[in-house]
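For what it's worth, my numbering labels the leading residue of the sequence shown as 924, then goes sequentially.
Yeah, the Cβ is synthetic: ideal placement off N, Cα and C, and Gly gets one too.
In what follows, a structure is listed as structure tokens, so that the remarks can point back to it.
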Amino acid sequence: MEGNRGEHEQTERPETLTEEERGMIKNTWSKVYENKEAAGVAVLIRLFTGFPAAKQYFSEFRHMEDVQEMQASKQLQKHSVRVMKALNTLVENVQDGEKMASVVELVAKSHAHKHNVQPHYFKILAGVILEVLVEAFPETFGEEAQGAWSKLMGVVYWHVTRVYSEIGWTSTELRLWDSWSSHAARLQRRTSYFCYFCCSSNTPPPYPMGSPLNTKRRTQLKEEDRTKSEPALIQTICSSVFRDKLAMKWTFRLRKV
């Protein structure tokens, strides 16, 4: 297992979900779960095509390169349903913070101990899930719903990093995320910032810049506005986190609004 042992690190605890946000998450999820097989397959295909290094954890379809082959794979379909059922369990317990934390803890421990999965893949998967849901259900996942789901994924990833830290996984990934989260929190105390890549205010995105939540709103921003906006913060996280030692760069651009 990669990562140093013995030192515990913890990201800053995210803001608690409001009752309105919890209700919105449950309501929007019901339509998605009616189409769990198709949605689950779409999520995994997006994950494997966008982040092929993630296939290293799946011996059944690690060799697959063609999208049609992935769509026809019974093993991939089966695993996609497991992913959606795990999400369903999370949503079912969204009203109870302790139960939701227990659900995440079981999943995180299993992936750390049994599957040796690096924690940053939870962040990547969160972004892929949200991206697919927004594209597949645009009428359901409006701006407020996107904000609620983004907040939920931030809570989930916080619990994941807590579990990984407690079991002794202290990777560069956790240190970098902790640094970014702390810096974002300091900015939030001073003013409100708008993230170009997730289109939400005051919330550090728990996913890479390749997964914008609100594509329409993002495209409305002219490129020159993004590059010339002041004051702006550009925080780049650069780390060789994949096992094939490829450098993965995440850049967040925040603009004061």
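- Burial check for R936: the Cβ neighbour count within 10 Å stays below 16, so the residue is exposed.
- For E992, the closest of A965, E1054, V1051 by C-alpha to C-alpha distance is A965.
- Nearest C-alpha to E1028 among V1079, E1066, Q994: V1079.
- Shown here, L940 sits in coil according to DSSP, grouped into three states, outside any helix or strand.
- Under the three-state reduction of DSSP, S996 is assigned to coil, being neither helix nor strand.
- With fewer than three CB-CB distances shorter than 8 angstroms, the region 1058-1069 does not count as touching the region 1006-1023.
- Relative to the Cα of W1081, the nearest Cα in the group A1031, P1061, F1064 belongs to A1031.
- Across the structure, F971 and V1055 are spaced so that their CA atoms are roughly 13 angstroms apart.
- In this structure, the straight-line span from the alpha carbon of V1004 to that of Q979 is close to 20 angstroms.
- In the displayed model, I1052 falls within a helix according to three-state DSSP.
- Taking S996 as the centre and dropping the five residues before and after it, the same chain places the C-beta of E983, F984, M987 closer than 8 angstroms to its C-beta, in chain order.
- DSSP, read as helix, strand or coil, puts Q991 in helix.
- Here the alpha carbon of H1034 sits roughly 34 angstroms from the alpha carbon of E1062.
- Beyond the five residues adjoining it in sequence on each side, A1059 comes within less than 7 angstroms, by CB distance, of A962, A965 in the same chain, given in chain order.
- H1082 carries a helical assignment under DSSP once its states are collapsed to helix, strand and coil.
- Boundaries cannot be given for A1035, as no alpha helix (DSSP H) includes it and DSSP labels it neither H nor E.
- Counting along the chain, G973 sits inside the alpha helix (DSSP H) bounded by residues 959-973.
- Counting other Cβ atoms within 10 Å of its Cβ, V1026 reaches 16 or more and is therefore classed as buried.
- Residues F1060, T1063 of the same chain have their beta carbon placed closer than 8 angstroms to that of K954, with the five preceding and five following residues left out of the count.
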